[in-house]
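K.L.:
In terms of our numbering, the sequence shown opens at residue 112 and continues consecutively.
Please find one structure pasted underneath; my questions will follow.
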Amino acid sequence: MTDRNRKQQQLLYNADRACKSLFAAIEYIRHGRKTHWEKVYKTKAPDAVSWYLPHLETSLALIERTGASLSSSIIDVGGGESTLADDLVSRGYQNVTVLDISETAVNVSKLRMGEAGDHLQWLVADVLATELEPLAYDVWHDRAVFHFLTTMEPRLAYVQNVARSVKRGGHVIVSTFGPEGPRKCSGLEVMRYDADSLHDQFGARFRLIESSQELHQTPQGATQQFLYCYCRVE
Ligand SMILES: C[S@@+](CC[C@H](N)C(=O)[O-])C[C@H]1O[C@@H](n2cnc3c(N)ncnc32)[C@H](O)[C@@H]1O
Numbered sequence: 112m113t114d115r116n117r118k119q120q121q122l123l124y125n126a127d128r129a130c131k132s133l134f135a136a137i138e139y140i141r142h143g144r145k146t147h148w149e150k151v152y153k154t155k156a157p158d159a160v161s162w163y164l165p166h167l168e169t170s171l172a173l174i175e176r177t178g179a180s181l182s183s184s185i186i187d188v189g190g191g192e193s194t195l196a197d198d199l200v201s202r203g204y205q206n207v208t209v210l211d212i213s214e215t216a217v218n219v220s221k222l223r224m225g226e227a228g229d230h231l232q233w234l235v236a237d238v239l240a241t242e243l244e245p246l247a248y249d250v251w252h253d254r255a256v257f258h259f260l261t262t263m264e265p266r267l268a269y270v271q272n273v274a275r276s277v278k279r280g281g282h283v284i285v286s287t288f289g290p291e292g293p294r295k296c297s298g299l300e301v302m303r304y305d306a307d308s309l310h311d312q313f314g315a316r317f318r319l320i321e322s323s324q325e326l327h328q329t330p331q332g333a334t335q336q337f338l339y340c341y342c343r344v345e
């Protein structure tokens with residue numbers, strides 16, 4: 112074997128090893144994330160998690176303010192065990208999707224809703240690893256999911272999914288911890304945003320319509336600052 116061939120073989124071997132460890136890291140991140148949330152929902156009652164609210168009033172008000180019709184397609188990303196879907200259905204919205212990485216959470220919500228949930232789309236999926244259908248949604252809602260993305264790569268994957276799956280003229284409502292919010296949620300590091308820095312993550316195609324801050328009281332008695340941003344897709 113010539114020196115050149117040997118070098119080429121070594122390069123291929125190194126590239127193969129690099130790919131394998133990259134895939135292993137990706138798998139670890141994906142399964143690690145899922146394991147974390149399954150454990151949370153298997154060990155805590157729906158009203159015992161720090162983000163619990165009996166009704167997501169601010170989200171509901173924002174969704175109503177988008178002017179979306181009752182037949183509009185609405186996705187609640189990382190809906191967990193929240194009652195947003197129940198409240199949307201009881202207000203007459205007919206095309207609601209709940210997506211969450213935790214099967215436990217989705218099953219709890221399905222069970223709670225009973226027949227009222229029969230016409231919903233339920234997706235057990237990682238929003239960072241799932242290509243949502245192009246131009247499928249009129250309204251994208253996320254309360255307290257995006258702020259868990261502490262590095263650039265998953266944030267880009269998330270924004271690409273929003274850009275692909277929300278229709279032009281559609282509405283994007285994202286809520287994160289605000290600038291004075293906690294540094295951790297559910298034991299995980301989070302990002303904190305003000306309206307400008309959150310909007311910067313999405314870019315110019317997303318026109319910022321309104322933003323607000325809210326103080327959330329956790330069931331454990333702490334106060335957490337949340338930020339809500341509502342953008343329209345141009
Ligand atoms: C802090 S909880 C908020 C739950 C709900 N939005 C609420 O306001 O009550 C975050 C939720 O996001 C889900 N989640 C976290 N990472 C996710 C991902 N990559 N894809 C889909 N869901 C995810 C978790 O399972 C959990 O239900």
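For each residue, glycine too, the CB sits at the ideal point set by N, CA and C.
These numbers were taken from a predicted model, which means no experiment stands behind them.
Is residue 216 near ligand 1, with its Cβ less than 6 Å from a heavy atom?
P.N.:
Yes.
K.L.:
Taking only heavy atoms of ligand 1 into account, decide whether any of them is closer than 6 Å to the Cβ of residue 294.
P.N.:
Residue 294 Cβ: outside cutoff for every heavy atom of ligand 1.
K.L.:
Could you name the residues that DSSP lists as bridge partners for residue 251?
P.N.:
Beta-bridge pairing links residue 251 to 186, 283.
K.L.:
Among 194, 204, 170, 264, whose alpha-carbon lies nearest the alpha-carbon of residue 180?
P.N.:
The shortest Cα separation from residue 180 among 194, 204, 170, 264 belongs to 204.
K.L.:
Contact defined as beta carbons within less than 8 Å: I believe residue 177 pairs with residue 250. What is the distance between those atoms, to the nearest angstrom?
P.N.:
Their Cβ separation, rounded to whole angstroms, is 6 Å, which keeps residue 177 and residue 250 in contact under 8 Å.
K.L.:
Looking at C-beta atoms only, is the number of pairs between the stretch 271-288 and the stretch 238-245 that lie closer than 8 Å three or more?
P.N.:
The stretch 271-288 is in contact with the stretch 238-245.
K.L.:
Would you call residue 216 buried or exposed, if buried means 16 or more other Cβ atoms sit within 10 Å of its Cβ?
P.N.:
Answer is buried; the Cβ neighbour count reaches 16.
K.L.:
DSSP beta-bridge partners for residue 234?
P.N.:
Partner(s): 210.
K.L.:
Answer with buried or exposed for residue 187, where buried requires no fewer than 16 other C-beta atoms within 10 angstroms of its C-beta.
P.N.:
Classification of residue 187: buried, given that the 10 Å Cβ count is 16 or more.
K.L.:
What distance in whole Å lies between the Cβ atoms of residue 333 and residue 68, which are believed to be in contact at a cut-off of 8 Å?
P.N.:
Because the chain spans 112 through 345 in this model, residue 68 falls outside it and cannot be assessed.
K.L.:
Does residue 166 come out as helix, strand or coil in the three-state DSSP assignment?
P.N.:
Three-state result, residue 166: coil.
K.L.:
Thinking residue 266 and residue 289 are a contact (beta carbons under 8 Å), I'd like their distance in whole angstroms, please.
P.N.:
Residue 266 to residue 289, Cβ: 18 Å. No contact.
K.L.:
Kindly list the residues whose CB is nearer than 6 Å to the CB of residue 234, restricted to its own chain and excluding five residues on each side of it in sequence; keep chain order.
P.N.:
Here the set comprises 210.
K.L.:
Do residue 224 and residue 197 come within 7 Å of each other at the CB atom, strictly closer than that value?
P.N.:
The answer is yes: Cβ separation under 7 Å.
K.L.:
Can you give me the start and stop residues for the alpha helix (DSSP H) that residue 269 sits inside?
P.N.:
Counting along the chain, the alpha helix (DSSP H) containing residue 269 begins and ends at 263-276.
K.L.:
What residue range does the beta strand (DSSP E) around residue 323 cover?
P.N.:
Element bounds for residue 323: 317-328.
K.L.:
Buried or exposed for residue 201, please, with buried defined as at least 16 other CB atoms from any protein chain shown within 10 angstroms of its CB.
P.N.:
So residue 201 ends up on the exposed side.
K.L.:
Would you list the one or two residues that DSSP bridges to residue 336?
P.N.:
BP columns for residue 336 point to 326.
K.L.:
Can you find the residues in the same chain that come closer than 6 Å, C-beta to C-beta, to residue 145, ignoring five residues on each side of it along the sequence?
P.N.:
The residues are 212.
K.L.:
Sorry if obvious, but does the Cβ on residue 251 come closer than 6 Å to a heavy atom of ligand 1?
P.N.:
Outside the cutoff, so no.
K.L.:
Select from 174, 312, 193 the residue whose C-alpha is nearest the C-alpha of residue 257.
P.N.:
Comparing Cα positions, the closest option is 312.
K.L.:
DSSP beta-bridge partners for residue 343?
P.N.:
According to DSSP, which records beta bridges pairwise, residue 343 is partnered with 282, 318.
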